[in-house]
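> Structure in structure tokens, see below.
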Amino acid sequence: MCARPCPRRILSFRLPAGLSGVTVSGWPTAAGPAIECTGRDGPGECAIQAWRKSNLELPSESLPLRRANPLRLAWIAIGTTACTLVQSCLVMVARGDGAKVRRRVDSIARTWSKQLLDLVEASVEVHGDFAASVEPGKPVIVMCNHSSLYDIPISFLSIPGSLRMLTKKELFQIPLFSGAMRRGEFVSIDRKDREQAIKDLELARLKMEDGIILWVAPEGTRSHDGKLGAFKGGAIRLAIQTGATIVPIAIKNSHEIQSGKHVAAVLGQQVQVEIGSPIDATNYSIRERGKLSAAVRNSMLAMLGQTTGDSTGNREGEVAG
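Quick note, our numbering runs 1270 ahead of the 1-based positions in the sequence shown.
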């Protein structure tokens, strides 16, 4: 399938029976007759509209990928901002006891995630049983590769329970959004202030013992090409210091939607989420953090189907991108 469509690029989708008369000028399909259309969003979008008008079912794996044009990018940006503002307000006004508010935030987070993925027409396929990896009452940290802004909504839709992100402290300085994050029990650790870091670490431990599943990006930043980057030491230290069970997960193809700090977006991408076997951090001491980092990293590399990369696993620094 064409990952990044451009003018005159061949698309790998088959034209269903009943639409043989629909053509897009200059865009012959890899398996089927040429089709012709002059839709402003490009021939790929026009073909999809034709399918929809035909009332025929279009398999998700057959959707042609295409790059969002400037108008669509603007719509995605506006929609993402609006959804985030609305859902943040809903978190702020959530009422009830702690458990009720938490369940409400869980629901809001998944609604927000679905809205964001719908804007780019992405679909998610999950492989593995996360629930089988979780021991009730024990802290759980999800360690995930990070190559796209969409990794967080993808994770919310892929992992059951009360998932919360370990975030940069700068995000807690954004008006409204910061209030929603605090209300939603998101966690930040200030590594530059030792006294505050100790308090933050204890809060993270208490949240996890109370049922929060903490999502951490051990790379500390987003990859630009989908390759697993070097780990920073903070995530591994956190797992050892809190006695957590680490569940490695690997998200494939999210960088094809949007990568790193790039603005461009590809529509119609299918994303796979692989859930790995749990790793008990209580079996490792701080001095053995390199071994634990290697175990987590090797698990992620295997799920991603990658064998190369920087194997450094105990660099110090921020723990989430």
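C-beta: ideal position from N, C-alpha, C; glycine also.
Give me the residue from CYS1359, TRP1345, LYS1370 and GLY1366 with the minimum Cα distance to LEU1386.
Nearest C-alpha to LEU1386: TRP1345.
> Can you say whether LEU1571 is buried or exposed, counting buried as having 16 or more other CB atoms within 10 angstroms of its CB?
Burial call: buried.
> Compute the distance between the beta-carbons of VAL1361 and ILE1378, then report whether it is under 7 Å.
Taking 7 Å as the Cβ cut-off, VAL1361 and ILE1378 qualify as a contacting pair.
> Using alpha carbons as the reference points, say which of GLN1539, GLY1546, ILE1482 and ARG1380 lies closest to ARG1337.
Per the Cα distances, GLN1539.
> Check the C-beta distance from ARG1434 over to LEU1484 and give it rounded, since I have them as a contact under 8 Å.
Their Cβ separation, rounded to whole angstroms, is 6 Å, which keeps ARG1434 and LEU1484 in contact under 8 Å.
> Going by the CB atoms, is the gap between MET1573 and ALA1520 shorter than 7 Å?
Cβ atoms of ALA1520 and MET1573: closer than 7 Å.
> Cutting at 6 Å between CB atoms, please list the residues of its own chain near ALA1402, excluding the five before and the five after it.
Counting only Cβ-Cβ distances below 6 Å, and skipping sequence neighbours, we find nothing.
> Would you mind sorting PRO1423 into buried or exposed? The rule is 16 or more other CB atoms within 10 Å of its CB.
The residue is buried, with at least 16 neighbouring Cβ atoms inside 10 Å.
> Where does the unbroken beta strand (DSSP E) through HIS1397 begin, and where does it stop?
HIS1397 -> beta strand (DSSP E) spans 1393-1397.
> Given GLN1357, which residues of its chain have a CB within under 6 Å of its CB, disregarding the five upstream and five downstream residues?
Excluding sequence neighbours, GLN1357 sits near ILE1378 and TRP1382.
> If you draw a straight line from the C-alpha of ASP1311 to the C-alpha of SER1493, how long is it?
With a pLDDT of 39 at ASP1311, under the threshold of 50, the predicted position of this residue should be treated as unreliable, though the coordinate-derived value follows. The alpha-carbon atoms of ASP1311 and SER1493 are separated by roughly 29 Å.
> Could you check whether the Cβ of ALA1520 sits closer than 6 Å to any heavy atom belonging to the ligand FAD?
In terms of ligand content, the structure shown is empty, and the ligand FAD therefore cannot be addressed.
> Could you tell me the boundaries of the alpha helix (DSSP H) in which SER1569 lies?
1559-1574 is the extent of the alpha helix (DSSP H) around SER1569.
> Expressed to the nearest angstrom, what Euclidean distance is found between the alpha-carbon atoms of GLY1546 and GLY1398?
Using only the alpha carbons, I get a separation of about 7 Å.
> Which residue comes first and which comes last in the alpha helix (DSSP H) that contains GLU1405?
Run containing GLU1405: none; DSSP gives neither H nor E here.
> Determine the extent of the beta strand (DSSP E) in which THR1437 is found, giving its start and end residues.
Run containing THR1437: 1432-1437, per the beta strand (DSSP E) assignment.
> What's the gap between the Cα of VAL1363 and the Cα of MET1478?
Distance between the alpha carbons of VAL1363 and MET1478: 24 Å.
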